[in-house]
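This report concerns only the one structure given below.
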Amino acid sequence: MPKKFKDVRIVLLAKKNAICSPEETRPISLLDSFLKVQERLFLDRFLQVLKNRGILPDSQSGFRANHRLQTRVLLLIDQISSYMANSSPVATVFVDFKSAFDQLWFLGCLAKVRRMGIPKAFINWIRVWLTNRRGRIEVNGKLSRWLAILRGGPQGSCFTPTLFITYHSDMEDFLPIAVSFFFADDLAAVIAGRIGIRFTDQCIDLERRLHRFFEYLEFYATLAVQPINYSKTKAMFSARAVCYPNPLPDLHCGTASIEWVKIFKYLGYWISTKIGWGHIIAYDERPLDDLCYVYWLKFFRALANSRDGFLLLEQFSNNVHRSLWQGGSSRIRCIHISKRFVSSTNVHITLEYVVELNDYAHNIYTELVMKRL
Numbered sequence: 000m001p002k003k004f005k006d007v008r009i010v011l012l013a014k015k016n017a018i019c020s021p022e023e024t025r026p027i028s029l030l031d032s033f034l035k036v037q038e039r040l041f042l043d044r045f046l047q048v049l050k051n052r053g054i055l056p057d058s059q060s061g062f063r064a065n066h067r068l069q070t071r072v073l074l075l076i077d078q079i080s081s082y083m084a085n086s087s088p089v090a091t092v093f094v095d096f097k098s099a100f101d102q103l104w105f106l107g108c109l110a111k112v113r114r115m116g117i118p119k120a121f122i123n124w125i126r127v128w129l130t131n132r133r134g135r136i137e138v139n140g141k142l143s144r145w146l147a148i149l150r151g152g153p154q155g156s157c158f159t160p161t162l163f164i165t166y167h168s169d170m171e172d173f174l175p176i177a178v179s180f181f182f183a184d185d186l187a188a189v190i191a192g193r194i195g196i197r198f199t200d201q202c203i204d205l206e207r208r209l210h211r212f213f214e215y216l217e218f219y220a221t222l223a224v225q226p227i228n229y230s231k232t233k234a235m236f237s238a239r240a241v242c243y244p245n246p247l248p249d250l251h252c253g254t255a256s257i258e259w260v261k262i263f264k265y266l267g268y269w270i271s272t273k274i275g276w277g278h279i280i281a282y283d284e285r286p287l288d289d290l291c292y293v294y295w296l297k298f299f300r301a302l303a304n305s306r307d308g309f310l311l312l313e314q315f316s317n318n319v320h321r322s323l324w325q326g327g328s329s330r331i332r333c334i335h336i337s338k339r340f341v342s343s344t345n346v347h348i349t350l351e352y353v354v355e356l357n358d359y360a361h362n363i364y365t366e367l368v369m370k371r372l
């Protein structure tokens, strides 16, 4: 593989706010086109090896064909509901890894895929692809000096996500005390207390298991050189009981404290302690109305500045004139009313049936059209 293929130009995209620190940006590598072709060809063969050897666990749904995000969310909700049906207190831990793809450990990754039984030719290609990479950052058209890339896969590569989930395919084995659900770098672990004992004893047993779980998680994160984002790692308590333990036990992962939450947004869906649909409907209903309003507002703005907008306005005017003509109110007297004329529905009325627009959006559309005239 030519060295120039691995020299990349990196642009920084803000994750949330436009003005932010470098830690809150996402580096995107602009790869060589010939390298992208090689990655695509190699990925097809690598996926076939993973499938034949059954390396990827069923609990991982990210970046895999025939595995849906919605299925992973439903399986998580079903697992929590199943534990709650047995009158067991349940703790769900949502783990966030810090800059997951950018923290990929080269030597550990190569050693792990070798232990998985990946053919030597594939390992050699991965070694060449990972090592001796350079990059320089571009900001406002200005380039930095060349920087050696010693960790992480290139963001924007089609092969990086697959290599990442392969590298962490054995994480579930290090967390035997929990039922794990993976979607790329997102981990949701469900832990339940013992069945058949008093609720108080179940909560004590659950607290003990949670401490062991965080010990296992910290051990794996250290072993795989995959740091945890403790500030975004949360825990949620669920149970059929009316009263929850107050206060909930203190949780620690290493030296960091883990916060308890009553509701959490997991893969775009809101999950609450009682696993009900109320929060999902409440949080999704208003954004849906807002999105519909914003969509139609943008549609009217674009329509008013297009040829189709003038055609619709002309059709609307023709409908008015034809209605007056049929009713005998038009000034045109010398033309007989055609029996073949079929009245057309007012365009504005049709749009109001499609979506209930408020007066503000309707007036904006009218003003934009009149300005163009």
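Under numbering that gives the first Met the number 0, residues 0 to 372 are what the sequence shown spells out, in order.
Don't be surprised by glycine CBs; every beta carbon is placed ideally from N, CA and C.
Since the structure is predicted, the reported quantities are computational estimates derived from the model, not experimental observations.
*On the three-state DSSP scale, how would you describe Arg-63?*
coil
*How would you write the range of the alpha helix (DSSP H) that His-210 sits in, first residue to last?*
198 to 222
*In angstroms with no decimal places, state the Cα-to-Cα distance between Trp-145 and Tyr-219.*
33 Å
*What is the residue span of the beta strand (DSSP E) that Ile-235 lies within?*
First, the amino acid is wrong: residue 235 is Met here, not Ile. First-last of the beta strand (DSSP E) with Met-235: 233 to 237.
*asked:* For a test of the three-state rule: what should DSSP assign to Cys-242, helix, strand or coil?
replied: coil
*Member of Ala-13, Asp-6, Gly-277 whose CA lies at the smallest distance from the CA of Val-138*: With distances taken between Cα atoms, Val-138 lies closest to Ala-13.
_If you reduce the DSSP assignment to three classes, tell me which class Arg-19 lands in._
Position check: residue 19 holds Cys in this sequence, whereas Arg was assumed. Three-state DSSP puts Cys-19 in coil, outside helix and strand.
_Other residues of its chain near Ile-27: CB distance less than 8 Å, five sequence neighbours each side excluded_ = Contacts found: Ile-9, Val-10, Leu-11, Leu-12, Gln-154, Gly-155.
*So what does DSSP say about Trp-259, is it helix, strand or coil?*
strand
_Going by beta-carbon coordinates alone, are Asp-204 and Gly-192 separated by less than 8 Å?_
yes
_Just to check my reading of the structure: Leu-68 and Phe-182 have Cβ atoms closer than 8 Å, yes? What is that Cβ distance to the nearest angstrom?_
Their Cβ separation, rounded to whole angstroms, is 6 Å, which keeps Leu-68 and Phe-182 in contact under 8 Å.
*Other residues of its chain near Met-83: CB distance less than 8 Å, five sequence neighbours each side excluded*: Val-89, Ser-237, Ala-238, Arg-239, Ile-274
*How would you write the range of the alpha helix (DSSP H) that Trp-128 sits in, first residue to last?*
119 to 129
*Leaving out five residues on either side along the sequence, give the residues of the same chain with a beta carbon under 6 Å from the beta carbon of Arg-132.*
Lys-5, Ile-148
*Using the C-alpha atoms, what's the distance from Asp-95 back to Pro-1?*
36 Å
*For the segment 100 to 107 and the segment 156 to 166, state whether three or more C-beta atom pairs, one from each stretch, are separated by less than 8 Å.*
Because the criterion of three Cβ pairs below 8 Å is met, the segment 100 to 107 and the segment 156 to 166 touch.
*Compute the Euclidean distance between the alpha carbons of Pro-244 and Phe-45, then round it to the nearest angstrom.*
49 Å
*Where does Leu-250 sit, in a helix, a strand or coil, going by DSSP?*
strand
_Local Cβ density within 10 Å of Arg-25, reported as buried at 16 or more and exposed below that_ = exposed
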